[in-house]
Each structure stands twice: as C-alpha cells, then as structure tokens.
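Participant: Got a structure for you, written out below as structure tokens; questions coming shortly.
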Amino acid sequence: MNKRKKWLAIVPVIALVAGACSDDDDDGGGAADTEATTDTEADDGATDTDESADTDESADTEAPADAEDDGEDEVALGQAREGLYCVATHEAPGDSGFWTVVKNGAEAAGTDMGVEVRVEGDIDVTVQADIVRNCIADGAVGIAASLANPEGMTDALAEAVDAGLPVVTLNSGAALYQELGAITHVGQSEDVAGAGAGQRMNDAGISGKVLCVVHEDANIGLEERCDGLESTYTGGEIERFNVASTGTGDIPGTQSTMVDKLTDDTDVAGILTLNPDIAIATRDAIAEAGVSPALATFDLSPDVLGALEAGEMSFAIDQQQYLQGYLPIMFMVLFNENLNTVGGGLPVLTGPGFVTAENAADVAALADAGTR
0 MNKRKKWLAI
10 VPVIALVAGA
20 CSDDDDDGGG
30 AADTEATTDT
40 EADDGATDTD
50 ESADTDESAD
60 TEAPADAEDD
70 GEDEVALGQA
80 REGLYCVATH
90 EAPGDSGFWT
100 VVKNGAEAAG
110 TDMGVEVRVE
120 GDIDVTVQAD
130 IVRNCIADGA
140 VGIAASLANP
150 EGMTDALAEA
160 VDAGLPVVTL
170 NSGAALYQEL
180 GAITHVGQSE
190 DVAGAGAGQR
200 MNDAGISGKV
210 LCVVHEDANI
220 GLEERCDGLE
230 STYTGGEIER
240 FNVASTGTGD
250 IPGTQSTMVD
260 KLTDDTDVAG
270 ILTLNPDIAI
280 ATRDAIAEAG
290 VSPALATFDL
300 SPDVLGALEA
310 GEMSFAIDQQ
320 QYLQGYLPIM
330 FMVLFNENLN
340 TVGGGLPVLT
350 GPGFVTAENA
360 ADVAALADAG
370 TR
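Residue numbers are given in numbering that gives the first Met the number 0: position 32 of the sequence shown equals residue 31, and the series is strictly consecutive.
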C-alpha cells in the first residue's frame with residue numbers, strides 16, 4: 000500500500016491528541032459492533048424465508064461492489080503498521096515512577112497508532128547513546144530521546160538523522176533540538192517553569208534564602224530550573240545546593256546531607272527540589288532537623304501527592320510526562336506517513352502545571368492509573 004492510501008485511513012488519529020491521557024481504546028466499540036451483528040443475525044433467523052432470501056441477496060450484491068471500489072486493503076486505526084519506534088531516556092536509578100509514566104504514554108501511543116514501540120533508558124549517557132544506535136541497527140523508523148546530557152547524545156542522534164529517521168527530543172533539550180536536526184521537542188521550558196516556581200514563592204511571602212537542590216551533575220535541565228528560579232524570586236538569595244554525590248541512587252545519604260545543611264544553615268527559608276524522590280528525602284530531613292522552611296518540588300510521585308494533601312509541601316510542578324511519551328510517537332508516525340510537523344519552529348510544551356493541596360487528590364487518582 001502506498002503512503003497516500005495509508006494517510007487517508009489514519010486521518011482520525013489526529014483526534015487522539017485531545018484524549019492522550021485516557022486509557023480508553025476502541026475495544027468497547029468493537030464489542031458493541033459484535034453484539035449488534037449477533038442480535039441482527041438472531042432476528043433474521045426468526046423472520047420468514049422470503050425476508051431471509053432478500054437479505055442474503057442484498058449482501059451478495061453489495062459486498063463485491065464495495066471491494067471493487069477500493070482494490071487495496073485500508074489501514075484502520077490501531078492496525079499494525081511496519082516499523083519500530085524507539086524512545087531512549089536518561090532514566091536514573093531509584094526512579095519513583097516518572098519514567099514509567101513516560102513509558103506508559105509511549106506504549107499507549109503505539110497501541111493507538113498501531114506501531115511497535117521500544118522504550119529503554121539509562122542515566123549513563125554512553126549507554127543511552129548506545130540505545131539509539133542499537134535501535135538504528137534494528138531498523139527503527141523513528142527515534143525519540145531525552146537530552147539531559149546533549150553533548151553525549153549529539154553523535155548518536157546525528158546518525159539517526161543521517162539515516163533519514165525523524166528524531167523528536169523529549170523532556171530535556173528544548174533549546175537544542177533544532178541544531179541536532181530533530182523535527183520537534185516535547186516537554187516543558189525548564190527556565191519558564193523555574194520562573195513560575197519563584198513567582199509562587201513570592202506570592203507565598205517567603206523571605207530569606209532559598210535552596211535549589213541539584214541532584215545530578217551535567218544535567219542542563221536542572222541548571223535551567225535554578226536559572227528560572229533566580230530570575231523571579233525576590234525574597235532573598237538563591238543557593239544551588241548540590242547533592243549529586245548521593246542523589247536518587249542513595250536516598251538515605253541525600254536525606255542525611257540535607258539534615259546537615261538545614262542544621263548548620265539557619266537562614267534557609269525555602270527549598271525547591273528538582274526531583275520527587277529528592278523532595279521526599281528533603282521533607283523527612285526537615286522533620287529530622289526540626290526546622291520549617293517552605294518546600295516545593297518539580298515533578299510528581301504518589302508520595303509527593305500525599306505530602307501535598309497533608310500540607311507538607313507548598314506545590315509541585317507537573318510537566319505531564321505521559322504526554323512526553325505519547326506525543327513523540329504520534330508525531331513521528333504522522334511525519335513518516337504524511338510529512339506532518341508540529342510546533343512551527345517552537346517546542347511543544349507539556350508544562351508547567353502546578354499541583355497544590357487543592358487539586359492533589361484529583362491528580363492522585365490519575366496517577367494511580369499510570370497517566371500522571
């Protein structure tokens with residue numbers, strides 16, 4: 000089948016954007032169609048012979064006519080297409096579920112679009128680059144990748160572009176995707192999100208030093224978050240406090256480091272963590288140190304949502320990572336089949352959104368379903 004024929008059959012896929020965060024699929028409709036057919040056949044059996052004959056004659060006449068109208072099979076929504084689509088992430092050890100939600104989104108898009116999807120990740124950028132190269136060698140027709148360490152990914156993504164594959168960057172890399180040859184970026188603008196955090200701290204009346212807790216070296220997205228915070232917070236000094244030596248791989252060690260910092264530095268009035276696991280370690284450190292700075296974080300986890308509901312955190316920044324998995328798959332399929340591009344030269348933003356005590360319970364219900 001040529002690509003023009005395929006495209007005519009997949010136009011309804013565009014409607015999936017509005018429902019990207021839903022777990023619903025077409026199975027229900029298929030079941031309804033089957034039941035309707037069964038009921039009709041049962042009713043036909045109860046009619047007289049003449050009516051049955053008329054029905055059979057109509058079916059015999061119309062079916063071949065439909066087949067003659069289109070000599071080729073159509074591609075229906077969800078029907079398997081050829082090609083492998085890969086997502087390579089910088090998933091860190093001890094991930095609380097952030098990248099699981101990204102994977103859920105990518106796999107849901109694969110099901111909805113009818114394509115094969117492979118999602119793999121590693122915090123080691125060399126391994127992440129190898130994931131991309133292995134996908135190219137396995138005949139992938141599209142590559143999506145996060146760019147926490149863009150220098151380490153440049154060559155591998157260049158190989159994908161040189162091979163003629165559409166590349167989409169996600170999560171990190173909003174400022175670099177064009178120079179790397181990607182067709183678009185899906186994520187949030189980290190400095191804009193950080194600026195929003197600073198403004199919320201101003202609105203909350205926080206006055207004094209705020210720690211921006213960096214848990215991973217060489218991650219440009221984390222630095223951009225702290226940059227954004229510095230650009231808007233007016234209550235005092237911003238200190239970048241590095242816990243990368245323990246990070247998410249050693250949460251007890253990170254908690255201990257935070258206890259020492261909060262015990263020694265009595266000027267800390269607020270803390271912005273950049274990861275939900277670091278946020279929970281910091282919450283526990285605050286309790287252990289017996290201090291009471293305002294705490295906020297980037298990204299969600301069940302524990303963070305619980306802390307928000309309990310009033311132990313002021314707010315969390317939600318970048319809707321389900322969409323960061325879902326949308327790249329859809330965009331690459333549409334590019335391959337119809338040369339569609341999105342964004343108009345700008346990234347496709349999925350955040351920031353803000354979760355507080357007021358809406359945490361509603362978001363928690365979605366998190367239980369694996370979509371937030």
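The C-beta atom is built at its ideal place from N, Cα and C for all residues, glycine as well.
These numbers were taken from a predicted model, which means no experiment stands behind them.
Verify whether the separation of the beta carbon atoms of residue 100 and residue 370 is less than 8 Å.
Facilitator: Within the sequence shown, the letter at position 101 stands for residue 100. Within the sequence shown, the letter at position 371 stands for residue 370. It is a contact, given that the beta carbons lie within the stated cut-off.
Participant: Quick one: what does DSSP say residue 341 is sitting in, helix, strand or coil?
Facilitator: Along the sequence shown, one-based indexing puts residue 341 at 342. Note: residue 341 maps to coil in three-state DSSP.
Participant: Determine the contact status of residue 280 and residue 296, defining contact as a CB-CB distance below 8 Å.
Facilitator: Taking the first residue of the sequence shown as position 1, residue 280 is located at position 281. Taking the first residue of the sequence shown as position 1, residue 296 is located at position 297. It is not a contact, given that the beta carbons lie outside the stated cut-off.
Participant: Would you mind working out which of 199, 166 and 190 sits nearest residue 183, comparing C-alpha positions?
Facilitator: Start at 1 with the first residue of the sequence shown, and residue 183 comes out as number 184. It is 166.
Participant: Taking only runs that begin and end inside the segment 182-230, name each unbroken beta strand (DSSP E) of 3 or more residues, in chain order.
Facilitator: 183-187 and 208-213
Participant: Alpha carbon to alpha carbon, how far is residue 267 from residue 256?
Facilitator: Translated into the one-based positions of the sequence shown, residue 267 becomes position 268. Translated into the one-based positions of the sequence shown, residue 256 becomes position 257. Residue 267 and residue 256: Cα-Cα distance of roughly 15 Å.
Participant: For the beta strand (DSSP E) containing residue 241, list its first residue and its last residue.
Facilitator: The sequence position of residue 241 within the sequence shown is 242, counting from 1. Its beta strand (DSSP E) spans residues 237-241.
Participant: From this set, 187, 155 and 195, which residue's C-alpha is nearest residue 180's C-alpha?
Facilitator: Within the sequence shown, the letter at position 181 stands for residue 180. Answer by Cα proximity: 155.
Participant: In three-state DSSP terms, what is residue 84?
Facilitator: Residue 84 sits at position 85 when you count from the first residue of the sequence shown. Strand, per DSSP.
Participant: Starting from the N-terminal side, write out each stretch of the beta strand (DSSP E) that is 3 residues or longer and does not extend beyond the segment 114-194.
Facilitator: 115-120, 139-145, 166-169 and 183-187
Participant: Around the Cβ of residue 157, are there at least 16 other Cβ atoms within 10 angstroms (buried) or fewer (exposed)?
Facilitator: Indexing the sequence shown from 1 puts residue 157 at position 158. Exposed.
Participant: Taking the beta carbon of residue 90 as the centre, do at least 16 other beta carbons fall within 10 Å, making it buried, or is it exposed?
Facilitator: Indexing the sequence shown from 1 puts residue 90 at position 91. Residue 90 is buried by the Cβ-count criterion.
Participant: Which of helix, strand or coil does DSSP assign to residue 315?
Facilitator: Sequence index remark: in the sequence shown, residue 315 carries index 316 (1-based). DSSP places residue 315 in strand when its eight states are reduced to three.
Participant: Kindly indicate which residue of 116, 127 and 148 has the alpha-carbon position closest to the one of residue 217.
Facilitator: Translated into positions along the sequence shown, residue 217 becomes position 218. Among 116, 127 and 148, the Cα nearest to that of residue 217 belongs to 148.
Participant: Where does residue 299 sit, in a helix, a strand or coil, going by DSSP?
Facilitator: Translated into the one-based positions of the sequence shown, residue 299 becomes position 300. Coil, per DSSP.
Participant: With residue 269 as the anchor, note down where its beta strand (DSSP E) starts and where it stops.
Facilitator: Your numbering for residue 269 matches position 270 in the sequence shown. From DSSP, the beta strand (DSSP E) with residue 269 extends over 267-272.
Participant: Determine the contact status of residue 346 and residue 176, defining contact as a CB-CB distance below 8 Å.
Facilitator: In the sequence shown, the residue the question calls residue 346 occupies position 347. In the sequence shown, the residue the question calls residue 176 occupies position 177. For residue 346 and residue 176, yes; Cβs fall inside 8 Å.
Participant: Candidates 324, 342, 320 and 308: which alpha carbon is nearest residue 357's?
Facilitator: Numbered from its first residue, the sequence shown carries residue 357 at position 358. If we check each option's Cα against that of residue 357, 308 comes out closest.
Participant: Span of the alpha helix (DSSP H) holding residue 258?
Facilitator: Start at 1 with the first residue of the sequence shown, and residue 258 comes out as number 259. Looking at the DSSP string, the run of the alpha helix (DSSP H) that includes residue 258 is 250-263.
Participant: Tell me whether residue 228 is buried or exposed, calling it buried when 16 or more other Cβ atoms sit within 10 Å of its Cβ.
Facilitator: Taking the sequence shown and counting its residues from 1, the one referred to as residue 228 is at position 229. Counting Cβ neighbours within 10 Å, residue 228 comes out buried, since at least 16 surround it.
Participant: Would you mind sorting residue 368 into buried or exposed? The rule is 16 or more other CB atoms within 10 Å of its CB.
Facilitator: Residue 368 sits at position 369 when you count from the first residue of the sequence shown. Counting Cβ neighbours within 10 Å, residue 368 comes out exposed, since fewer than 16 surround it.
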